[in-house]
Structure formats: C-alpha cells, structure tokens
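Numbering (our numbering), first residue to last: -7 to 417. Even for Gly, the Cβ is constructed at its ideal location relative to N, Cα and C. One structure below.
Next comes the structure, spelled out in structure tokens:
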C-alpha cells in the first residue's frame, strides 16, 4: 500500500509540473517578523497540518513556511496563511500604475535558448554552449509584451551588470535578446505598486482572479482585490533597538529572480510608497539560507564579494537592494537562459536535471527534495528561508513602525510587498 501511495504522489507531482510548465507566477512572503498578510493563518485549512508533498500551489492557496515543530517532521507550518498571494501584478519600469493582470505577458516557459556545446547536456546554471534561439528573437516583440499602463515607455534599465541579473545573464543590456529588460528588477524600486502591502491575489480592487496564481481564497478576513495596507495591525511582539542590526527573513514559493529590500514606515502614517521610501534600511553582514526554521541548518555567504548588493541606480536613490540568491533550476535552461551558481552544494541528481519533464521530485522523507537552494519553488523549496540582517538607524525615534519588504521580480512584471508590525525603542 505504501508503494502504491508513493507512486500516486509521484504521478500527481508530474501532473502539477505539466500544469505549471505553461504558466507560473512567482510567490514569496516574509516569515519574520510575521506579516499582516498572514491574517488567515488561524483559519482552516492553514491552522491544520501542511499537506504532504507535493504541497498544493492553489485550490486552496498554500504558503507553507519553515518552523521548527514537533507536529511536522518536515518542520513546516501553515501559519502564514495566504501571505504569499499578496502582491502587485502588471507593473514594469515604464508604468505609472499596475494593470492587475499582465504579470507574465512574456511567456515564462517558451523555449528561447539552444544548446550548441560539446557536452551531452548543457551546464546546470552557467552559460557555456547556451545561445539565444535566433528564430525566437526574430519573432519576439518586446514592446508588445508590456503591461497596459505605460507612461514612460523609454525609461532605461539601470541593472545591466551580469552579476546582479538572475536569468539570461549573458544578454547584452537592452539588445533584442534582453527579453526581460523592462522587468521591475532591472531598475529596482522605480516600478509602481498598487499597494505597498500588496493586494489579495495581485489584482486591482474589483477585478476577478487572473491567470498563473493571481487568485485568493476569500475568507472572513479578506477577499480578492483587497488592499494589504488596510489589513489590521498584527501584534507580533517584535521589539527592536535603534542602532542595532536585526534579523529578517522571507521564503519563496515560486521563482521569478530579481531582488529585494526592506524599509520602515511609522505605524500611524498611511502605508504607501511615499512613506516607505523615506526610511530604506541597509543590509549589514552576510546573507544566509536556513532550512527548517530557527535552529535548523544554515549557511552564510558574502553578497558583497559576489556583487549581489546594489545601491546605485535604485529608487529611492541610494537605497540598498540585494539580489535573490536562489537561481533557476537546471531544467529551466532553455526557458530562462544562463543563470548563476547556487550558494549551496547541490546534489548530482539536481545538477543533472536538465529536462523539465524529469524535474526532481519532492516527496517527503522517503524521497526528499533533490535541489536544496535552486529551482522554481513550486513545492520544492518550502523549508528554505532567505535570512538577512538590516540596520535600524540609531537616530530613529522610538515608537510603533511597519516593516516593509519589496521584491522586484525579473522574470515577470510583478512585485511582492509585505508589511509587518514592530516596535522600536
């Protein structure tokens, strides 16, 4: 019977891959401090056991996050509710507002690259032997793949350094082969958002559910299209001291590259970009990846040495952003092009997974996830958090604040934003 269940789970996993190969939204959520967007975490089904692998992407929406617990040998919890489904859809660097629907007009999963190298398979993450398919470039119209509301169509990207890019890193900046030139991450912070704490499902108020994860399970707390800035404060009990470096973390449910930063807004002010842009926070020290929650396995890496920190060409001017440290999976080489090497040592099974149809499974204790810190994130990296330290300004007045987090994607015209309540003394 256990063998039969195992085979059934594997079959379901491959069906999910078939569904998401054509349309995938990136999703992520802050895990500490707990965000307001976790408002549904005390409701069913999120207050119960996290489903077995593969964890459902939606229907209902799951944003499983790491937590050391005796209740789940995987160290997972559903307490974050639908936090990773609060975002902003259809916004690029030339927009003055988001359209709520066109987060992936550039098809994520079209095959855009060819391998012409001498080995039997392409490199797992590098560029040797991978070229842009000239036939795809000849038919690709980048201008036609932009969101609806373009006010500054000629605005230029500021992120051209291959070290800061997360996919198609070898493309000449702005060339016809630079497919994601107008994505939010290519000029961090300049693209607009509908709400600085996201909207439920990423859509505009009054819009219905969109494609590729732009949805929300309506509850007694929130419904699709609601504004995150209107959610009630969440008593987190987090107290920080001005002038100290504090730990923050987030988790990725689905991959879209790009980068992120943290910021503050006084809790008694309107939670919008004007307020958050007044108090950008700087990263300090090394970044890290952590598996299984606080106390779990953790590895540190120097983002400055890798060229992954940037404060030039960002908005607000001088704000410090950090590249997302998780590269695409080896199976996405022909869709996303060259990426960058992962910071952890991946297994041979992960490194050799060059075919999307043979993407590594993630079926729990009997067959654990073969990729630890790379992949598309759809159920394959739920135990992983990206952990950083940010500096609280020493001259910040004591009081209640809202910590903002903004993730500008590169593989899509989407921006994740989150809000957490903290006290600073």
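Closer than 6 Å: is that where the CB of residue i sits relative to any heavy atom of the ligand GDP?
i           : result
residue 385 : With respect to small molecules bound, the structure shown includes none, and the ligand GDP cannot be examined in it.
Locate the alpha helix (DSSP H) running through residue i, then write down its first and last residues.
i           : result
residue 267 : 265 to 268
residue 147 : From DSSP, residue 147 is part of no alpha helix (DSSP H); its letter is neither H nor E.
residue 377 : Taken as a continuous stretch (DSSP letters only), residue 377 belongs to no alpha helix (DSSP H), being part of the beta strand (DSSP E) at 376 to 383.
residue 342 : 340 to 343
residue 418 : Shown here, the chain extends from -7 to 417; a query on residue 418 therefore has no answer.
Starting from the C-beta of residue i, find all residues in its chain whose C-beta is less than 7 Å away, skip the five residues before and the five after it, and write them out in chain order.
i           : result
residue 106 : 123, 125
residue 184 : 83, 87, 88, 89, 90
residue 140 : 82, 91, 94
residue 98  : 137, 171, 172
residue 67  : 58, 59, 60, 61, 284, 285, 288, 375
residue 33  : 39, 70, 71, 72, 73
Under three-state DSSP, which class holds residue i?
i           : result
residue 314 : strand
residue 208 : coil
residue 402 : coil
residue 397 : strand
residue 275 : strand
residue 128 : helix
residue 99  : coil
residue 306 : coil
residue 30  : helix
residue 221 : helix
residue 192 : strand
residue 36  : coil
residue 14  : Confidence at residue 14 is low in this model, with a pLDDT of 44, below 50, so the placement of that residue should be treated as unreliable; the coordinate-derived value is given next. Three-state DSSP puts residue 14 in coil, outside helix and strand.
residue 331 : coil
residue 199 : coil
residue 112 : coil
residue 158 : coil
residue 186 : coil
residue 409 : strand
residue 69  : strand
residue 57  : strand
residue 415 : strand
residue 290 : strand
How would you write the range of the beta strand (DSSP E) that residue i sits in, first residue to last?
i           : result
residue 279 : 279 to 283
residue 428 : As shown, the chain starts at -7 and ends at 417. That puts residue 428 outside it, with no answer to give.
residue 295 : Residue 295 -> not in any beta strand (DSSP E); alpha helix (DSSP H) instead, spanning 295 to 298.
residue 172 : Looking at the DSSP string, residue 172 is not in any beta strand (DSSP E), and its letter there is neither H nor E.
residue 92  : First-last for residue 92: undefined, no H or E at that position.
residue 23  : 19 to 24
residue 255 : 251 to 258
residue 107 : 105 to 107
residue 78  : 78 to 81
Who are the Cβ neighbours of residue i in its own chain at under 6 Å, not counting the five residues just before and after it?
i           : result
residue 144 : 86
residue 168 : 129
residue 202 : 93, 195
residue 313 : 180, 251, 253, 302, 306
residue -6  : Only weak support is given to the placement of residue -6: the predicted model assigns it a pLDDT of 43, under 50, and the value that follows is read from those uncertain coordinates. No residues qualify anywhere along the chain.
residue 328 : 159, 320
residue 182 : 85, 307
residue 215 : none
residue 230 : 25, 414
Which whole-angstrom value is the C-beta distance of residue i and residue j, which I expect to be below 8 Å?
i           : j           : result
residue 386 : residue 194 : That pair is no contact at about 37 Å.
residue 138 : residue 174 : 6 Å
residue 342 : residue 248 : No, residue 342 and residue 248 are not in contact; Cβ-Cβ is about 20 Å, not under 8 Å.
residue 273 : residue 414 : Not really, about 11 Å apart at Cβ, beyond 8 Å.
residue 221 : residue 278 : Their Cβ separation, rounded to whole angstroms, is 32 Å, which puts residue 221 and residue 278 out of contact at 8 Å.
residue 72  : residue 55  : 5 Å
residue 325 : residue 114 : 5 Å
residue 409 : residue 398 : 5 Å
Which term fits residue i, buried or exposed, when burial requires 16 or more other beta carbons within 10 angstroms of its beta carbon?
i           : result
residue 304 : exposed
residue 266 : exposed
residue 282 : buried
residue 36  : exposed
residue 65  : exposed
residue 155 : exposed
residue 338 : buried
residue 349 : exposed
residue 390 : exposed
residue 309 : exposed
residue 412 : buried
residue 416 : buried
Can you find the residues in the same chain that come closer than 8 Å, C-beta to C-beta, to residue i, ignoring five residues on each side of it along the sequence?
i           : result
residue 418 : Examination of residue 418 is not possible in this model, given that the chain is present from -7 through 417 alone.
residue 262 : 221
residue 292 : 278, 279, 280
residue 13  : Confidence at residue 13 is low in this model, with a pLDDT of 41, below 50, so its placement is unreliable and the value that follows should be read with caution. Contacts found: 101, 348.
residue 111 : 121
residue 164 : 170
residue 316 : 158, 244, 249, 250, 251, 252, 378, 399
For chain B, is any of its Cβ atoms less than 7 Å away from the one on residue i?
i           : result
residue 181 : Note that chain B does not occur in the displayed structure, where there is just one protein chain.
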